[in-house]
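Trainee: One structure, as structure tokens, below. Some questions next.
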Amino acid sequence: MDPSQVKIPPLKDLTIDNITENVILINSLCEDARMKYVLERLVTHLHDFARETRLSTKEWMSGLQFLTEVGQICSDVRQEFILLSDVLGLSLLVDSIDHPKPEGSTQGTVLGPFHTHEAQEMTAGDMMSHDPQGEPLLVLCTLKDTNGKPIEGAKIDIWETDSTGHYDVQYADRKGPDGRCIMYSDKEGFFWFKAIKPVPYPIPHDGPVGRLLKKLHRHPYRPSHMHFMFEKEGYDHLITALYLRNDPYETSDAVFGVKNTLVVDLGKVDAELAKKYGVPEGTALLTYDFVLVTEADSNALRDKNSKEALDKLGRKVKIVNGLPIPDLD
Ligand code: BEZ
Ligand code: FE
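In this note's numbering, each number is its position in the sequence shown, counted from 1, plus 387.
Here you go:
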């Protein structure tokens with residue numbers, strides 16, 4: 388772009404007090420209204436952060452060094468940036484904003500870095516874990532809409548660790564996917580499978596995020612849980628997990644993912660269920676009724692929440708494609 392054609396004042400002699408407005412001004416050449424708004428807010432908060440903390444050059448250099456190391460340790464099977472977002476509470480915050488759940492529907496939680504796209508499709512009743520040390524678990528679930536109508540044919544991605552608290556991708560010598568599967572709900576919205584009882588485990592803490600936790604005197608543990616992801620056209624994509632009650636880390640999850648409605652009590656398989664599902668009586672039993680919200684309801688709730696939150700901040704916005712931009716009309 389020819390600088391003489393741009394209606395921007397000369398960017399010179401910028402100070403602590405006027406640099407922010409000038410950076411925003413030059414960025415405002417951007418034609419994408421949403422990107423312009425996001426950058427405007429990002430620059431404002433970053434600059435305020437530096438001003439409020441009186442950030443030193445040395446501190447900022449160590450911050451940049453830290454972020455460099457976060458990037459350097461990332462690989463196909465290690466996503467340190469997701470971990471960083473998780474331990475800072477940002478992952479949970481973004482999910483809560485982007486996928487609001489009305490009363491009565493299943494709440495979402497953090498995805499984490501261990502979901503893969505290579506899980507095998509399994510049929511009802513299959514065993515998803517091949518860890519002989521794991522305590523057997525029978526899982527019986529239903530999937531319904533907010534009116535109680537069964538949802539048939541939803542794709543359900545399920546993943547958990549082995550009995551030592553490691554996901555398959557954490558083993559360099561793994562032969563293929565394990566502790567994960569894809570299933571589809573039946574006509575009654577029912578799906579069931581065999582698994583192992585989840586155990587607590589530490590998030591990967593041998594990298595920069597682990598060092599950060601240590602410095603903050605925070606432990607790296609997640610409470611015992613099993614992940615579920617639901618996809619069905621017309622419904623809001625649900626990423627969630629079920630947590631076992633009374634886990635030692637139930638109230639101090641390193642990534643802030645636990646919600647009361649997602650905490651379950653395990654039961655025991657009785658004689659009737661044992662016969663019906665072909666497992667020994669006394670096997671640990673997990674039952675849960677998941678409820679999906681329609682995409683239309685979720686979108687409407689997100690728009691309403693956005694308007695209300697930004698009204699409270701005194702910002703005049705309009706919602707375009709589900710996201711706020713300044714309302715300049
Ligand atoms: C997980 O539950 O798989 C997870 C979530 C966040 C960070 C690390 C692991
Ligand atoms: Fe997990």
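The C-beta atom is built at its ideal place from N, Cα and C for all residues, glycine as well.
Since the model is a prediction, treat every value here as computed from it, not as a measurement.
DSSP three-state label for M515, please.
Mentor: Locating residue 515 in the sequence shown gives position 128, counting from the first residue. If DSSP states are grouped into helix, strand and coil, M515 belongs with coil.
Trainee: Are the beta-carbon atoms belonging to E439 and V596 less than 8 Å from one another?
Mentor: Taking the first residue of the sequence shown as 1, we reach residue 439 at position 52. Taking the first residue of the sequence shown as 1, we reach residue 596 at position 209. For E439 and V596, no; Cβs fall outside 8 Å.
Trainee: Hey, out of D404, S550 and S472, whose CA is closest to P519's CA?
Mentor: Locating residue 519 in the sequence shown gives position 132, where the first residue counts as 1. By alpha-carbon distance to P519, the top candidate from D404, S550 and S472 is S550.
Trainee: Mind checking whether P487 and L672 have CB atoms under 8 Å apart?
Mentor: Taking the sequence shown and counting its residues from 1, the one referred to as residue 487 is at position 100. Taking the sequence shown and counting its residues from 1, the one referred to as residue 672 is at position 285. The answer is no: Cβ separation not under 8 Å.
Trainee: Tell me which residue opens and which closes the beta strand (DSSP E) that L498 is part of.
Mentor: Taking the first residue of the sequence shown as 1, we reach residue 498 at position 111. No beta strand (DSSP E) holds L498; DSSP gives it neither H nor E.
Trainee: Just mark M422 as buried or exposed, buried being the case when its beta carbon has 16 or more other beta carbons within 10 Å.
Mentor: For the purposes of this step, residue 422 is taken as the residue at position 35 of the sequence shown. Under this definition M422 is an exposed residue.
Trainee: Comparing C-alpha positions only, which one of Y664, D652 and D573 sits nearest to H612?
Mentor: Working through the sequence shown from its first residue, we reach residue 612 at position 225. Closest option to H612, Cα to Cα, is D652.
Trainee: Output yes or no for whether 8 Å exceeds the beta carbon distance between K586 and T638.
Mentor: Working through the sequence shown from its first residue, we reach residue 586 at position 199. Working through the sequence shown from its first residue, we reach residue 638 at position 251. Checking the displayed sequence, the identity of residue 586 turns out to be Val instead of Lys. No, Cβ-Cβ distance for V586 and T638 is not below 8 Å.
Trainee: Within 7 Å: the Cβ of R605 and any heavy atom of ligand 1?
Mentor: If you number the sequence shown from 1, residue 605 lands on position 218. No, Cβ of R605 sits at least 7 Å from all heavy atoms of ligand 1.
Trainee: Using 8 Å as the threshold, is the C-beta distance between E682 and Y622 below it?
Mentor: Locating residue 682 in the sequence shown gives position 295, counting from the first residue. Locating residue 622 in the sequence shown gives position 235, counting from the first residue. Contact: yes.
Trainee: If contacts are defined as beta-carbon pairs under 8 Å, then D684 and P489 qualify, I think. What distance do you get, rounded to the angstrom?
Mentor: If you number the sequence shown from 1, residue 684 lands on position 297. If you number the sequence shown from 1, residue 489 lands on position 102. Rounded, the Cβ-Cβ distance is 6 Å, consistent with contact.
Trainee: Between H553, G495 and Q507, which lies nearest to P564 when the distance is taken from Cα to Cα?
Mentor: Against the sequence shown, residue 564 aligns to sequence position 177. Here the closest residue by C-alpha is Q507.
Trainee: Pull up the distance between the alpha-carbon of V678 and that of L401, whole angstroms please.
Mentor: Here residue 678 refers to the residue found at position 291 of the sequence shown. Here residue 401 refers to the residue found at position 14 of the sequence shown. The alpha-carbon atoms of V678 and L401 are separated by roughly 54 Å.
Trainee: Along the chain, where does the alpha helix (DSSP H) containing S410 start, and where does it finish?
Mentor: Reading the sequence shown from its first residue, position 23 is the one you call residue 410. Correcting the residue type first, residue 410 is Val in the shown sequence and not Ser. Per DSSP, V410 belongs to the alpha helix (DSSP H) from I406 to N414.
Trainee: Taking only three categories from DSSP, how would you classify L679?
Mentor: In the sequence shown, the residue the question calls residue 679 occupies position 292. If DSSP states are grouped into helix, strand and coil, L679 belongs with the strands.
Trainee: Straight-line CA distance for A511 to K536?
Mentor: For the purposes of this step, residue 511 is identified with residue 124 of the sequence shown, where counting begins at 1. For the purposes of this step, residue 536 is identified with residue 149 of the sequence shown, where counting begins at 1. A511 and K536: Cα-Cα distance of roughly 20 Å.
Trainee: Please go through the segment 616-682 and give each complete alpha helix (DSSP H) segment of 4 or more residues, from N-terminal end onward.
Mentor: 658-664
Trainee: Around the C-beta of K619, are 16 or more other C-beta atoms found within 10 angstroms, so that it is buried, or is it exposed?
Mentor: As a working mapping, residue 619 is identified with position 232 in the sequence shown. With 16 or more Cβ atoms within 10 Å of its Cβ, K619 is classed as buried.
Trainee: Using alpha carbons as the reference points, say which of L603, K584, E575 and P500 lies closest to Q557.
Mentor: The sequence position of residue 557 within the sequence shown is 170, counting from 1. Here the closest residue by C-alpha is P500.
Trainee: Put P537 into one of helix, strand or coil per three-state DSSP.
Mentor: Taking the first residue of the sequence shown as 1, we reach residue 537 at position 150. For P537, the secondary structure class from DSSP, reduced to helix, strand or coil, is strand.
Trainee: Leaving aside the five residues before and after E616 along the sequence, list all residues of the same chain whose C-beta is less than 6 Å from its C-beta, in chain order.
Mentor: In the sequence shown, counting from the first residue as 1, residue 616 sits at position 229. The sequence shown places Met at residue 616, not Glu. If we look at M616 and ignore the five residues flanking it on each side, its Cβ neighbours are D544 and I626.
Trainee: For the beta strand (DSSP E) that L527 lies in, which residues bound it at each end?
Mentor: Residue numbering aside, residue 527 sits at position 140 when the sequence shown is read from its first letter. First-last of the beta strand (DSSP E) with L527: P523 to D532.
Trainee: With a threshold of 7 Å, establish whether the CB of G499 neighbours any heavy atom of ligand 3.
Mentor: This structure does not include ligand 3; its bound ligands are ligand 1 and ligand 2.
Trainee: Less than 7 Å between C-beta atoms, sequence neighbours within five positions excluded: which residues of the same chain meet that for L412?
Mentor: Translated into positions along the sequence shown, residue 412 becomes position 25. I395, listed in sequence order.
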